[in-house]
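S.K.: This is the structure, below, for whatever I ask next.
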């Protein structure tokens, strides 16, 4: 059964190959729930599912359908950790808080695969590890420190020299790298739809094609008004809109830069070509500032993604930079047809870490995954549900005030300037 949402999923490899989503309908009457969640991506769905398990009634509202945003358009790489290494987190947050964050982000991939097993979600899940290769000797030193820090915390991380990287990835473009065995791969839209189906089975109500246009506190409760004029009242509200955040809550949209991540996918490769690219089934993202990330899907396509222009793409030429990168990294793919091109929004912020805001009693806002959304949103959704239900108040990250990015209206210039600057730094290294 397909969702009745009129905000259709844009074309992509994932929308073309996904299992049908569960039937969800727009909100057509006023209703009440213990918790109302805005956003049916991974954060909203995991939070809803875990709350429902503890007996809380939950209503999820989305302008599209489950997985419409970045949760249905990302690269499908389940990578634990943050952009910061463990020692940096200890230095920034202190030993107690730092270790809590390290434990949460280090186990984030575990939470994803645990959910998949627990609910039998069919999403082509594999767990063969993540390779992060270095393109320069200076970058390789950084990766050596990173791998050793995780090794000291019990992770069976492995360092690779140039020959080993070539053998594991299938390219001579890198001087070395490391492997994190905790990581894996999945079909992101099937994962989102599986979470939605599991949440519905636990009694969660999900309303697609239901944009929330007003949010306000009225006495002891919150009132959410939709574009159709219907209302949901709830004791608690969660905003889980990440890179597609609008003006529903004052100043929230200005806390992130919603940058486009572009992706391409080849046609399925021949068995001979498949053996030459990531034959061990790992996922890969390199250590550039403007990183490239790539993997094979279950049908043997090579997927490659990276940053692109701020504006929404509309022509095949908008992905030309990725097609050039694909052949640069994998010369053996010269002449192989590109079957799919798509993009999605990544929520970037100044801290380069997820943020939990609680600007008023009963309102929780969780967003800002900076490219690590599958694993981090899944594990933090679980922690947020425990916080809301009262099972645990020990959320890994501190609650922070909403801080707007200065001159946010110039975010197109921010993103364009950042891309140019990082491209220059990558070239110099």
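Residue numbers (my numbering): 448 to 876. Just so it is clear, CB atoms sit at the ideal spot from N, CA and C, and this is done for glycine as well.
Distance check for residue 467 and residue 646, CA to CA, integer angstroms please.
M.R.: Roughly 16 Å separates the two Cα atoms.
S.K.: So, is residue 572 buried or exposed, given that buried needs 16 or more other C-beta atoms within 10 angstroms?
M.R.: By the 10 Å Cβ count, residue 572 comes out buried.
S.K.: How many Å lie between residue 545 and residue 597 at the Cα?
M.R.: Between residue 545 and residue 597, the C-alpha separation is close to 14 Å.
S.K.: Answer yes or no: do residue 809 and residue 669 have a C-beta to C-beta separation smaller than 8 Å?
M.R.: For residue 809 and residue 669, yes; Cβs fall inside 8 Å.
S.K.: Is it buried or exposed for residue 487, if we count other Cβ within 10 angstroms and need 16 for buried?
M.R.: Label assigned to residue 487: buried.
S.K.: Inspect the beta-carbon positions of residue 802 and residue 847 and report whether they are closer than 8 Å.
M.R.: The answer is yes: Cβ separation under 8 Å.
S.K.: Do residue 522 and residue 750 have their C-beta atoms within less than 8 Å of each other?
M.R.: Yes. Within cutoff.
S.K.: With which residues is residue 741 paired in a DSSP beta bridge?
M.R.: DSSP output for residue 741 lists 731, 751 as bridge partner(s).
S.K.: Indicate the three-state DSSP secondary structure (helix, strand or coil) for residue 570 in the structure shown.
M.R.: Residue 570: coil per DSSP, three-state reduction.
S.K.: Would you please state the rounded distance, in angstroms, between the beta carbons of residue 852 and residue 482? I believe it to be under 8 Å.
M.R.: Residue 852 to residue 482, Cβ: 29 Å. No contact.
S.K.: Grab me the residues of residue 661's own chain with a C-beta within less than 6 Å of its C-beta, minus the 5 sequence neighbours each way, in chain order.
M.R.: The answer, listed in chain order, is 672.
S.K.: Taking Cβ positions, are residue 686 and residue 812 nearer each other than 8 Å?
M.R.: Their beta carbons are under 8 Å apart, which means residue 686 touches residue 812 by this criterion.
S.K.: In the DSSP assignment, find the alpha helix (DSSP H) that holds residue 641 and state where it starts and stops.
M.R.: Note, residue 641: alpha helix (DSSP H), 635–648.
S.K.: Answer yes or no: do residue 414 and residue 786 have a C-beta to C-beta separation smaller than 8 Å?
M.R.: In the structure as shown, the chain starts at 448 and stops at 876, and residue 414 therefore has no counterpart that could be examined.
S.K.: Short of 6 Å in beta carbon distance, which residues of its chain neighbour residue 518, apart from the five on each side in sequence? Order them along the chain.
M.R.: Answer for residue 518: 488, 489, 639, listed in chain order.
S.K.: Tell me residue 709's beta-bridge partners as DSSP assigns them.
M.R.: Partner(s): 753, 790.
S.K.: Less than 6 Å between C-beta atoms, sequence neighbours within five positions excluded: which residues of the same chain meet that for residue 689?
M.R.: Excluding positions up to five away in sequence, the list reads 794, 814.
S.K.: Compare the Cα-Cα distances from residue 576 to each of 526, 507, 773, 677 and report the closest residue.
M.R.: When only C-alpha atoms are compared, the closest one is 526.
S.K.: Considering only the beta carbon of each residue, do residue 629 and residue 602 sit closer than 8 Å?
M.R.: Yes, Cβ-Cβ distance for residue 629 and residue 602 is below 8 Å.
S.K.: Starting from the N-terminal side, write out each stretch of the beta strand (DSSP E) that is 3 residues or longer and does not extend beyond the stretch 797–860.
M.R.: For the stretch 797–860, whole beta strand (DSSP E) runs of length 3 or above, ordered along the chain, are 802–804, 810–814.
S.K.: Which residue or residues does DSSP assign as beta-bridge partners of residue 665?
M.R.: The partner list for residue 665 (beta bridge, DSSP) reads 668.
S.K.: Assuming residue 514 contacts residue 633 under a Cβ cut-off of 8 Å, what Cβ separation, rounded to an integer in Å, is found between them?
M.R.: Contact flag wrong, Cβ pair sits at about 12 Å.
S.K.: Residues in the same chain with beta-carbon distance under 6 Å from residue 553, minus the five sequence neighbours each way, listed in chain order, please.
M.R.: Correct list, in chain order: 527.
S.K.: In angstroms, rounded to a whole number, what distance separates the CA positions of residue 710 and residue 666?
M.R.: Answer to the nearest angstrom: the Cα atoms are 46 Å apart.
S.K.: For residue 495, tell me which candidate among 760, 654, 732, 697 has the shortest Cα-Cα distance.
M.R.: Among 760, 654, 732, 697, the Cα nearest to that of residue 495 belongs to 654.
S.K.: Quick one: what does DSSP say residue 658 is sitting in, helix, strand or coil?
M.R.: Here residue 658 sits in coil by DSSP.
S.K.: Report the three-state DSSP secondary structure of residue 626 (helix, strand or coil).
M.R.: The answer is strand: DSSP assigns residue 626 an E or B state.
S.K.: Could you tell me which residues DSSP puts in a beta bridge with residue 607?
M.R.: DSSP, once it has assigned bridges, lists 624 as partnering residue 607.
S.K.: Going by DSSP in three states, residue 490 sits in which element: helix, strand or coil?
M.R.: Three-state DSSP puts residue 490 in a helix.
S.K.: Check whether the stretch 583–599 and the stretch 529–547 touch, using three or more Cβ-Cβ pairs below 8 Å as the test.
M.R.: Yes: the two stretches touch, three or more of their Cβ pairs being nearer than 8 Å.
S.K.: Check the C-beta distance from residue 779 over to residue 720 and give it rounded, since I have them as a contact under 8 Å.
M.R.: The pair is a contact, with the Cβ atoms about 6 Å apart (cut-off 8 Å).
S.K.: Please say whether residue 507 and residue 499 have beta carbons closer to each other than 8 Å?
M.R.: No.
S.K.: Drop a sphere of 10 angstroms on the beta-carbon of residue 817, count the other beta-carbons inside from all chains shown, and report buried for 16 or more, exposed for fewer.
M.R.: With 16 or more other Cβ atoms within 10 Å, it is buried.
S.K.: For residue 505, report the span of its alpha helix (DSSP H) as first-last.
M.R.: Unbroken run through residue 505 is the beta strand (DSSP E), 505–508; no alpha helix (DSSP H).
S.K.: Using the rule of at least 16 other Cβ atoms within 10 Å of the residue's Cβ for burial, across every protein chain shown, is residue 839 buried or exposed?
M.R.: Label assigned to residue 839: exposed.
S.K.: Closest to residue 722 by C-alpha separation, out of 455, 760, 524, 617, would be which residue?
M.R.: Checking every option, the nearest Cα to that of residue 722 belongs to 617.
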